[in-house]
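Protein chains: 2
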Amino acid sequence: MIESVRPQVDGGRYPIKRALGDEVLVEADVFTDGHDAVVAELLFKHSEEKAWHSIPMEFRHNDHWAAAFRVEKLGRYQYTVRGWTDPFRTWQRDLVKRHEAGQDLTVDLQIGAELLGAEIADYESAIDLAPPPPREEWVVSFEKSLEVVVDPVRARFSSWYEMFPRSFGGLRGVLEVLPYVERLGFNVLYLPPVHPVGVSARKGKNNAIACKPGDVGSPWAIGSKEGGHKALNPELGTFDDFHALVRAAEKREIQIALDIAFQCSPDHPYVKEHPEWFRARPDGTIQYAENPPKKYQDIYPFDFETPAWQSLWEELKSVFEFWVGHGVTIFRVDNPHTKAFAFWEWAIADLKRKHPELIFLAEAFTRPRVMHKLAKLGFTQSYTYFTWRNTKHELTEYFTELATEPSREYFRPNFWPNTPDILHETLQHGGRPAFIVRAVLAATAAANYGMYGPAYELQERTPREPGSEEYLNSEKYELKRWDLERADSLAPMITRLNTLRRENAALQSDWSLQFHPVDNSQLIAYSKKAGDNEILVVVNLDVHHPQSGWIDFAPCEVHDLLSGGHYRWTKPRNYIELSPHKLPAHVFKVTRT
Amino acid sequence: MIESVRPQVDGGRYPIKRALGDEVLVEADVFTDGHDAVVAELLFKHSEEKAWHSIPMEFRHNDHWAAAFRVEKLGRYQYTVRGWTDPFRTWQRDLVKRHEAGQDLTVDLQIGAELLGAEIADYESAIDLAPPPPREEWVVSFEKSLEVVVDPVRARFSSWYEMFPRSFGGLRGVLEVLPYVERLGFNVLYLPPVHPVGVSARKGKNNAIACKPGDVGSPWAIGSKEGGHKALNPELGTFDDFHALVRAAEKREIQIALDIAFQCSPDHPYVKEHPEWFRARPDGTIQYAENPPKKYQDIYPFDFETPAWQSLWEELKSVFEFWVGHGVTIFRVDNPHTKAFAFWEWAIADLKRKHPELIFLAEAFTRPRVMHKLAKLGFTQSYTYFTWRNTKHELTEYFTELATEPSREYFRPNFWPNTPDILHETLQHGGRPAFIVRAVLAATAAANYGMYGPAYELQERTPREPGSEEYLNSEKYELKRWDLERADSLAPMITRLNTLRRENAALQSDWSLQFHPVDNSQLIAYSKKAGDNEILVVVNLDVHHPQSGWIDFAPCEVHDLLSGGHYRWTKPRNYIELSPHKLPAHVFKVTRT
Numbered sequence: 034m035i036e037s038v039r040p041q042v043d044g045g046r047y048p049i050k051r052a053l054g055d056e057v058l059v060e061a062d063v064f065t066d067g068h069d070a071v072v073a074e075l076l077f078k079h080s081e082e083k084a085w086h087s088i089p090m091e092f093r094h095n096d097h098w099a100a101a102f103r104v105e106k107l108g109r110y111q112y113t114v115r116g117w118t119d120p121f122r123t124w125q126r127d128l129v130k131r132h133e134a135g136q137d138l139t140v141d142l143q144i145g146a147e148l149l150g151a152e153i154a155d156y157e158s159a160i161d162l163a164p165p166p167p168r169e170e171w172v173v174s175f176e177k178s179l180e181v182v183v184d185p186v187r188a189r190f191s192s193w194y195e196m197f198p199r200s201f202g203g204l205r206g207v208l209e210v211l212p213y214v215e216r217l218g219f220n221v222l223y224l225p226p227v228h229p230v231g232v233s234a235r236k237g238k239n240n241a242i243a244c245k246p247g248d249v250g251s252p253w254a255i256g257s258k259e260g261g262h263k264a265l266n267p268e269l270g271t272f273d274d275f276h277a278l279v280r281a282a283e284k285r286e287i288q289i290a291l292d293i294a295f296q297c298s299p300d301h302p303y304v305k306e307h308p309e310w311f312r313a314r315p316d317g318t319i320q321y322a323e324n325p326p327k328k329y330q331d332i333y334p335f336d337f338e339t340p341a342w343q344s345l346w347e348e349l350k351s352v353f354e355f356w357v358g359h360g361v362t363i364f365r366v367d368n369p370h371t372k373a374f375a376f377w378e379w380a381i382a383d384l385k386r387k388h389p390e391l392i393f394l395a396e397a398f399t400r401p402r403v404m405h406k407l408a409k410l411g412f413t414q415s416y417t418y419f420t421w422r423n424t425k426h427e428l429t430e431y432f433t434e435l436a437t438e439p440s441r442e443y444f445r446p447n448f449w450p451n452t453p454d455i456l457h458e459t460l461q462h463g464g465r466p467a468f469i470v471r472a473v474l475a476a477t478a479a480a481n482y483g484m485y486g487p488a489y490e491l492q493e494r495t496p497r498e499p500g501s502e503e504y505l506n507s508e509k510y511e512l513k514r515w516d517l518e519r520a521d522s523l524a525p526m527i528t529r530l531n532t533l534r535r536e537n538a539a540l541q542s543d544w545s546l547q548f549h550p551v552d553n554s555q556l557i558a559y560s561k562k563a564g565d566n567e568i569l570v571v572v573n574l575d576v577h578h579p580q581s582g583w584i585d586f587a588p589c590e591v592h593d594l595l596s597g598g599h600y601r602w603t604k605p606r607n608y609i610e611l612s613p614h615k616l617p618a619h620v621f622k623v624t625r626t
Numbered sequence: 034m035i036e037s038v039r040p041q042v043d044g045g046r047y048p049i050k051r052a053l054g055d056e057v058l059v060e061a062d063v064f065t066d067g068h069d070a071v072v073a074e075l076l077f078k079h080s081e082e083k084a085w086h087s088i089p090m091e092f093r094h095n096d097h098w099a100a101a102f103r104v105e106k107l108g109r110y111q112y113t114v115r116g117w118t119d120p121f122r123t124w125q126r127d128l129v130k131r132h133e134a135g136q137d138l139t140v141d142l143q144i145g146a147e148l149l150g151a152e153i154a155d156y157e158s159a160i161d162l163a164p165p166p167p168r169e170e171w172v173v174s175f176e177k178s179l180e181v182v183v184d185p186v187r188a189r190f191s192s193w194y195e196m197f198p199r200s201f202g203g204l205r206g207v208l209e210v211l212p213y214v215e216r217l218g219f220n221v222l223y224l225p226p227v228h229p230v231g232v233s234a235r236k237g238k239n240n241a242i243a244c245k246p247g248d249v250g251s252p253w254a255i256g257s258k259e260g261g262h263k264a265l266n267p268e269l270g271t272f273d274d275f276h277a278l279v280r281a282a283e284k285r286e287i288q289i290a291l292d293i294a295f296q297c298s299p300d301h302p303y304v305k306e307h308p309e310w311f312r313a314r315p316d317g318t319i320q321y322a323e324n325p326p327k328k329y330q331d332i333y334p335f336d337f338e339t340p341a342w343q344s345l346w347e348e349l350k351s352v353f354e355f356w357v358g359h360g361v362t363i364f365r366v367d368n369p370h371t372k373a374f375a376f377w378e379w380a381i382a383d384l385k386r387k388h389p390e391l392i393f394l395a396e397a398f399t400r401p402r403v404m405h406k407l408a409k410l411g412f413t414q415s416y417t418y419f420t421w422r423n424t425k426h427e428l429t430e431y432f433t434e435l436a437t438e439p440s441r442e443y444f445r446p447n448f449w450p451n452t453p454d455i456l457h458e459t460l461q462h463g464g465r466p467a468f469i470v471r472a473v474l475a476a477t478a479a480a481n482y483g484m485y486g487p488a489y490e491l492q493e494r495t496p497r498e499p500g501s502e503e504y505l506n507s508e509k510y511e512l513k514r515w516d517l518e519r520a521d522s523l524a525p526m527i528t529r530l531n532t533l534r535r536e537n538a539a540l541q542s543d544w545s546l547q548f549h550p551v552d553n554s555q556l557i558a559y560s561k562k563a564g565d566n567e568i569l570v571v572v573n574l575d576v577h578h579p580q581s582g583w584i585d586f587a588p589c590e591v592h593d594l595l596s597g598g599h600y601r602w603t604k605p606r607n608y609i610e611l612s613p614h615k616l617p618a619h620v621f622k623v624t625r626t
């Protein structure tokens, strides 16, 4: 019996995920009726290989076996488990017991010789014999082979910075600001849609229904007579500018990520050329986006279930292909949960077959099962509820869920303390300490994190109106001028956080996360490990008052990578004090002697 | 998307279990991309029915749906879930929102009419319209249908009494002792093997290798020249006696359970007639049972993997058929884990197809995964580790595991405080209080329980030697004379426990089990519920000293069904005191007002 082969997602319906060089620890329950000796083997191969590699599994306890393999190539691997009951090993095992009990072994050595198909001289030679290979008919294989998708390392460990090119004068302006982004330490530079912006029903500043002359509109209202999803907004620059940006970024080890938002402004060329891709209303007009009673007349959604779905789906997939052709390998996908699940499963699988280096980040701020489904269907990384998890209890529960099975096998969280759509009230009311606290949490709890800047480091914090999570004078609808050198910028803190992330392997993956008790509900403490590298983070969640408490943490030396402080903890409980007015967090490097 | 349909065992590979009249609460995650209204239905049918019954599922929260059906017929039912996104319901839902926002509905009413295929007069009539049935192509079904085995009620709720007929003068003697068993309140009377006992290598008293004249041998050494598994030991009586016993027991609502032990004494007729069913040694002898270095020369195991396995398996299955033909419907199976898994799955499925009323109790005192596998493969009930769980921590952990998913869906525990093979040291050293404590625990924590009597009520407690769990002068190897009327017998206590079990539905199933905190590690408290019936059990596990403590239990009235005591608990914490020298347990009936 070969059971409970893991890791697996939904009984093998979906692949697990790993990054290049990661290990896959495979476990299984392998057992038989009776008392015969059991052998278990792990089989694995890259999908392009014909033959399986096999590794003996190690018996742990209670019918539980384990073995690991390393994924060395992008794409997909298959793995499964096989086993058999081995009469020769059973005989050898029992022979030792009989010998130890001083029994006569004459007949037993005959039985062994029959099993081996060769003479066995005596006990001593018997126990050293290598068991013959199993007969084919003995071997039982697990009912299916499981799959692992192997992504580039940046799928597991990435630091994203989002900025609106038009506020910097377009693509050439972004190119000029690259040294700043590099200094901050980000390795993914994510741009909101770069396509022509619609004119009809264009929104004004602060999402006003009527726009005024000179209003630039929302980049998510995609398409004008100048083109659609495969065009560049001429106000941002040319394809030459785009290529220059991609190349310059690459030199700084920064990858450009594009935002793919599958929706059209009424001016999008698709609307005239492919009316069959949209839903018609009885009055002959095209169905605009709605969330009744709200109406978004400037946006036409695609009808993913149109009779012409095949040509639509092919075209949408080709949008990704188009930008891959222009050097883009990372895509942030806008609202994937309002598009067909089947489209994503098909499109991402097909795209990654040809381009296994691609990374897709799902922006699905929706219900948990839908969010997780999209991850199972193929998205490489996912936005999360991090922004709305603020208390120690909420953070502990949520981080734990994400770092444990089954979630972690397929759902790679990407933590964002802010986005152009989400200015959480913690940031609105918590001042500079809140910006530091949320950046430290995101950057240390999640190996993938990002922020919308320069709004973040400049601590932009005024909501459109009380109770709203929208920014006042949101950059979504207007140009902003940012003073990147402002004296109160958090740029140095963010630079430091990204440096720590690069220098400490413990912060480059999520699974080792462990919480440590602190006797103060405003102080949260967690650690991560990778080999010898161990990081302990302690954060004061109270952005108004100093907090102190005792942390349970085994004796060690800790060196604060933020403040430079150095402490020798000789007892199992240690004193912590953090003030929001100085530094509200410790990021300790832990040394054990 | 229809996901996580439950209850299920190993992704539907094995059926769940229920007793006649039980409810199957089916839950599922049903959701879709986008914002369309979803409908979910539970489908179920008895395997002999052609058409599915359907019940609308109820939306709970977060894409989670539930519905229940009742199993009214023995055998197997199938169940599954289907769902669809419903454009008309979506439209109705949105129409209400538009109406509430005071929007013009002209075009929307046209859209609704198109969906309905009929005129819609106005808003008021629109919202009352019944949605048209779904088009076939919309409907998505869960990837498989799941199964539930429906057993007789005694599969869920049974009280077993094991006795050796030969100590009572055979089957006629058992018939005479039936009123005693009925008075004790048991409804299953289980007899060790009733077949002729082998003569060759017969074991003597206390398992002596050499037997003496007059020694009766072990009933598990099955088969002599007088017959094998389909014969009665002539010393026990005739088939007429057997039929008389079955009928007399039935009148008292007691069912006779037989022990089926698939092994042979060297004298079993199979050995001569079917040498191909056994394994031969190179010296021409038949392979006897072994657990190296131990040898059991009086027992020949069947070779379940013999080339002649088909005729062997058919014959073994026919042993059950034979006894079913003589009125037996309950079988206790000896050591099923040393026989082929595949045999049990095939044989039990086939037997229950013809006789869905059959109950099989697996005596598999082995590793957890093997024990659970046998339950999945078809055994109706299972012996457990109860005997070796004695501390509050052990009991809490083990009872909780058994009463929760996934275990409870397929593994029905049957708790035995003793068996002819197991006299636990708790009973050896704990005196009368230990016998009471273990009986109360078994009878109240498990809806299925049993004991080996009269050894139990007469508190037989001398081990063969220190450290052994075998009885001294074990009834397995010799006749015993039991004084059923002894003044210190626990018969009255056992009678009372079985009465409570019959009178309180809460004690007739396992799933409602809940533990309640008591601030004393020697006092364990748990409750069970069925409708209005609620039972709270508190046991002092310290069989030497009185113990007291405070239990957390919401205000109520409690009436002690063992002592007759009556208490009004007005606070959330209440005082408990139990002495092993009086009654070491409360079995409270709880009344809430």
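Top line first, the protein sequences correspond to chains Z and V. Each residue of the first sequence is one higher than the last, beginning at 34 in the working numbering. Each residue of the second sequence is one higher than the last, beginning at 34 in the working numbering. Beta carbons are placed, not taken as given, at the ideal position from N, Cα and C, and that holds for glycine. These figures come from a predicted structure and were not determined experimentally.
Asked	Found
Cut-off 8 Å between Cβ atoms - residues of its own chain near residue 119/V, not counting five sequence neighbours on either side	69, 70, 71, 72, 164, 167, 171
Contact list for residue 227/V against chain Z, beta-carbon separation under 8 Å	Near residue 227/V there are no residues of chain Z at all, since even the closest Cβ is about 26 Å away, more than 8 Å.
Three CB pairs or more closer than 8 Å across the stretch 522–534 of chain V and the stretch 201–220 of chain V	yes
Interface partners of residue 95/V on chain Z, CB under 8 Å	400, 401, 402
Beta-ladder partner(s) of residue 624/V, from DSSP	590/V
Member of 371/V, 378/V, 394/V, 384/V whose CA lies at the smallest distance from the CA of residue 364/V	394/V
Cα-Cα separation, residue 380/V to residue 346/V	8 Å
Enclosing beta strand (DSSP E) for residue 324/Z [first to last residue]	322–324
Bridge partner(s) assigned by DSSP for residue 117/Z	72/Z
Chain-order list of residues whose beta-carbon lies under 7 Å from that of residue 295/Z (same chain, five-residue window excluded)	335, 349, 372
Beta-carbon contacts of residue 288/Z that lie in its chain and below 6 Å, excluding the five residues immediately before and after	221, 363
Within 8 Å of chain Z by C-beta, residues of the stretch 42–61 of chain V in sequence order	43, 44
Chain Z contacts from the stretch 132–162 of chain V (Cβ-Cβ distance under 8 Å)	133, 134, 136, 140, 143, 144, 147
Residues bridged to residue 273/Z [DSSP beta-bridge criterion]	Beta-bridge pairing links residue 273/Z to no other residue.
Interface flag, residue 240/Z vs chain V, CB-CB below 8 Å	no
Among 624/V, 417/V, 392/V, the one whose alpha carbon lies nearest that of residue 589/V	624/V
Buried/exposed call for residue 532/Z, threshold 16 Cβ in 10 Å	exposed
Interface residues of the stretch 365–381 of chain V facing chain Z [CB-CB below 8 Å]	370, 371, 372, 373, 374
Chain-ordered residues of the stretch 60–86 of chain V with a beta carbon less than 9 Å from chain Z	62, 64, 65, 66, 67, 68
Closer than 8 Å to chain V by CB, residue 316/Z	yes
Beta strand (DSSP E) segments (min. 3 residues) lying fully within the stretch 131–201 of chain Z	179–184, 191–195
Residue 177/Z at chain V interface by Cβ criterion, 8 Å	no
Cβ pair count under 8 Å reaching 3, the stretch 123–136 of chain Z against the stretch 189–196 of chain Z	no
Cβ-based contacts, 9 Å cut-off: residues of the stretch 108–131 of chain V near chain Z	126, 127, 128, 129, 130, 131
Bounding residues of the alpha helix (DSSP H) (the contiguous stretch that carries residue 342/Z)	342–357
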